[in-house]
Structures are given as structure tokens and as C-alpha cells.
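Numbering (this note's numbering), first residue to last: 227 to 314.
Note that CB positions come from ideal geometry on N, CA and C, so glycine has one too.
None of the values given here were measured: they were computed from a predicted structure.
Please read the structure below before turning to the comments.
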Amino acid sequence: MSNEENPPYYEIYYLENCFYSEKALNYLKNYGIPYKIINVKQIDKQKYKNFLKKETFPQIYYNGSDNKCYSIGGCGDLENLIKNMINR
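Below, the structure written as C-alpha cells:
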């Protein structure tokens, strides 16, 4: 498959009413990075923690054109990744 058929994007598990989820989403928006949001309600927080095997939100993944999914981490990890990409 070519990149046009399967364009890469970031996936963000976004917890409602979460400062860091909002901050991470704003990074993606402000830098024009393609993304997909999985909205997590507070009532479902524990279910997603168990599913993702992570304790914090947001959780961000990169879905590459190679059909592989890579864990980026949380808001700070995304911020560092973007800063590194910009400073290249």
C-alpha cells in the first residue's frame, strides 16, 4: 500500500475534563498534525486504563503508513517529539 492509501496519523485517547488531554490535542491542532480522537468519559476512565495498560491520560499513538501502531506516551512525550521534529 502506498502512503496515499494509508496516510499516517496520531491517535489520542482524550479524557474529558483533563488539562493534559486538552494540551496535547492543542499541540496536534496547532501544528496541523493529522489525528483521530478517542473520547474517554470520566466514568469509563478505569476501563481504558486497563485496556491501554497505562495509568495516565492522554495516551497518544502514531499510526504509520506501514500499518504499525507506535506508542508515543503522554502529553509531555508528544511535546518533546514535536519540538525535536521542529528543531531538525
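Test item: CB-CB of residue i and residue j under 8 Å
i      : j      : result
Leu254 : Tyr240 : no
Tyr261 : Glu242 : no
Tyr287 : Tyr274 : no
Tyr246 : Gly300 : yes
Tyr235 : Asn310 : no
Cβ neighbour criterion (16 or more within 10 Å) applied to residue i
i      : result
Gln285 : buried
Phe283 : buried
Asn293 : exposed
Met227 : Low confidence applies here, because Met227 scores a pLDDT of 41, under 50, leaving its location unreliable and the question unanswered by this model.
List in chain order: all unbroken beta strand (DSSP E) runs of 3+ residues lying wholly within the region 256-307. 261-266, 285-289 and 295-299
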